[in-house]
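Here the sequence shown is numbered in the working numbering, starting from 84 and rising by one per residue.
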Amino acid sequence: MTDLLHWTDVQKAAFSKENLQFTHDVDKSPLFTDEALIALIDRYPRDKLEVFTMGYDPTNWGQWYLGRRGDHDGRSLMEGVRAGRLWLNLRKVNHSDAEIGALCDAMFAEIKAKSGVTTLKQDLGLLISSPRAHVFYHLDIPLVTLWQIRGVKHVYVYPPQAPFVSDHDLEGVALRESDEQLRFSPEWDAQATKVEFHPGQMLTWVQNAPHRIVNQDSVNVSLSIEFMTPKAIWRANVIYANGCLRRWFGLNPSLSKSPKFLEPFKVVFARIVKMRGGFNGNKSPLKPRFTLDASKAEVLHFDDGVEVPTAEKKAA
Numbered sequence: 084m085t086d087l088l089h090w091t092d093v094q095k096a097a098f099s100k101e102n103l104q105f106t107h108d109v110d111k112s113p114l115f116t117d118e119a120l121i122a123l124i125d126r127y128p129r130d131k132l133e134v135f136t137m138g139y140d141p142t143n144w145g146q147w148y149l150g151r152r153g154d155h156d157g158r159s160l161m162e163g164v165r166a167g168r169l170w171l172n173l174r175k176v177n178h179s180d181a182e183i184g185a186l187c188d189a190m191f192a193e194i195k196a197k198s199g200v201t202t203l204k205q206d207l208g209l210l211i212s213s214p215r216a217h218v219f220y221h222l223d224i225p226l227v228t229l230w231q232i233r234g235v236k237h238v239y240v241y242p243p244q245a246p247f248v249s250d251h252d253l254e255g256v257a258l259r260e261s262d263e264q265l266r267f268s269p270e271w272d273a274q275a276t277k278v279e280f281h282p283g284q285m286l287t288w289v290q291n292a293p294h295r296i297v298n299q300d301s302v303n304v305s306l307s308i309e310f311m312t313p314k315a316i317w318r319a320n321v322i323y324a325n326g327c328l329r330r331w332f333g334l335n336p337s338l339s340k341s342p343k344f345l346e347p348f349k350v351v352f353a354r355i356v357k358m359r360g361g362f363n364g365n366k367s368p369l370k371p372r373f374t375l376d377a378s379k380a381e382v383l384h385f386d387d388g389v390e391v392p393t394a395e396k397k398a399a
């Protein structure tokens, strides 16, 4: 079988440990033609597909809005993406679609064969988004690979440390105490890794690295794939335990500075907490804030009281 990624010896040794850029040929797959994407949207569970829009100011992540798709089918949604300001998210599509599932399996089989890294909890999300749409500054608890299929975007990746993210905020994401979005300062861009991302490129970064994404003047299609490794699960449990220790006992643990010999105890503590029901983070689920027009998906009808985005300040 032909490799999906083009590997170097450095990439084989550093996978999951460093920020890396690859090239790939997945963008040439017939799975991602217009007609194939329309058919995929139509067979994806209707209640699982998420439709978002967003404001223009990269520091105002409160303007990330979930919407109601109404009766729009795949073709209508694709037309809305081309003409409007939408971000379609088909989460965990590898679990609901056999062809995408087979592609995801092939990706991780290759990762194992080339790098020796064992991966767990693999979830492939398909992202279809409008020209100039963007994703606010945020981080993920799992590791991520991002595969560009169509269009051009700018990807900014920041170090997973202060001031870009505090221990408290990282713990809040792990505990589901808050959304993945974080406070962002534009001056941090000077220390970010900025990638102009084209079809046929794949990017992966170190665990918990904050990042943001800005589409350029074209429709974008990307695969965002989350996964864990044994080491990543260990780190996630330490973060979880630190969050509980801070919030329940008033301690001030540090992911980077606390003694490493305590980590096994923290991992056990985190697992016990989860087995007993977990930390109640009281995170409020996203509520729909707009509805797609019945005739034109690119036309949005916002709910009363919602701050309607304006183009006064645009993402870079």
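Yeah, the Cβ is synthetic: ideal placement off N, Cα and C, and Gly gets one too. Being a predicted model, the structure only gives us computed values, none of them experimental.
Candidates the options: closest to residue i by CA position
i    : options                : result
S213 : I308, L229, V297       : V297
V235 : K314, S305, T116, N102 : S305
T393 : E309, R158, N143       : N143
E254 : L328, L229, P282, T202 : L328
E270 : I322, G361, P141, K100 : P141
N335 : R174, N325, D86        : N325
H237 : N303, M358, K370, V227 : N303
A353 : W331, K370, R266       : W331
W170 : D386, Q94, L375, D188  : L375
D188 : E346, K314, L369, I308 : I308
I232 : A96, D125, S112        : S112
F105 : D117, D92, T116        : D92
T228 : F280, K349, F348, A399 : F280
E85  : E118, V109, K95        : What sits at residue 85 in the sequence shown is Thr, not Glu. Nearest C-alpha to T85: V109.
L160 : D180, A181, V134, G138 : V134
A119 : A97, V200, G138, I211  : I211
E263 : I224, A245, F247       : I224
P347 : K314, V391, P368       : K314
V391 : P246, S268, G333, Y139 : Y139
D386 : A380, K370, A399, F247 : K370
R215 : F362, Q299, R266, K343 : Q299
A399 : F247, T116, D272, A181 : D272
Close Cβ partners of residue i (< 8 Å) along its chain, the five nearest in sequence each way excluded
i    : result
I183 : L114, L123, V176, N177, L207, L209
A427 : With the chain covering 84 to 399 only, the question about residue 427 has no answer from this structure.
A377 : G153, D154
V389 : Y148, R372, F373
H107 : L87, L88, H89, W230, G283, Q284, M285
V356 : Y323, A324, C327, F362
Anticipated Cβ contact below 8 Å, residue i with residue j, distance rounded
i    : j    : result
H217 : R295 : 7 Å
M311 : T136 : In fact, because the Cβ distance is near 30 Å, the residues do not count as touching under 8 Å.
L186 : Y127 : Going by Cβ atoms, the distance from L186 to Y127 rounds to 15 Å, so no, they are not a contact pair.
K366 : S301 : With a Cβ gap of about 34 Å, K366 and S301 do not count as contacting.
L226 : S341 : L226 to S341, Cβ: 22 Å. No contact.
G360 : R259 : Not confirmed; about 13 Å, so no contact.
F219 : Q205 : No, F219 and Q205 are not in contact; Cβ-Cβ is about 25 Å, not under 8 Å.
I121 : R158 : 5 Å
D125 : D156 : 6 Å
Same chain, Cβ closer than 6 Å to residue i, neighbours up to 5 away in sequence not counted
i    : result
L338 : D250
K349 : V321, A324
V382 : D376
S268 : none
L345 : none
A380 : H155, S159, L160, G163
Same chain only: Cβ atoms within 7 Å of residue i, ignoring 5 sequence neighbours per side
i    : result
I322 : L253, E254, A257, L338
K95  : K197, S198
A97  : L103
S179 : Y127, P128
V200 : F98, S99, I194, T312
F247 : Y241, W271, P293
L265 : Y220, H221, L222, V248, D252, P293
Below-7 Å beta-carbon distance, residue i vs any chain D residue
i    : result
D250 : In the displayed structure, chain D is absent; only one protein chain is listed.
Near the ligand MG: residue i beta-carbon under 6 Å from a heavy atom
i    : result
V256 : Among the components modelled here there is no ligand, and therefore nothing to report on the ligand MG.
Quick check for students: name the residue ranges of the beta strand (DSSP E) that lie wholly in the stretch 84 to 110, counting only runs of 3 or more.
103 to 106
Contact between the stretch 271 to 285 and the stretch 154 to 167 (3+ Cβ pairs under 8 Å)
Taking 8 Å as the limit for Cβ pairs, the verdict is that the stretch 154 to 167 does not touch the stretch 271 to 285.
Curious, which full-length beta strand (DSSP E) runs of at least 3 residues does the stretch 215 to 291 contain?
Taking only runs of at least 3 residues, the beta strand (DSSP E) segments lying wholly in the stretch 215 to 291 are 217 to 221, 226 to 233, 236 to 240, 276 to 280, 284 to 288.
Does the stretch 279 to 288 come close enough to the stretch 312 to 328 that 3 or more CB-CB pairs lie under 8 Å?
no
Between the stretch 136 to 147 and the stretch 192 to 207, do at least 3 Cβ pairs fall closer than 8 Å?
no
Runs of alpha helix (DSSP H) lying entirely within the stretch 343 to 380, each at least 4 residues, in chain order:
The qualifying runs are 346 to 358.
Output the residue ranges of the alpha helix (DSSP H) runs that lie fully inside the stretch 297 to 337 and measure 4 residues or longer, sorted by chain position.
313 to 332
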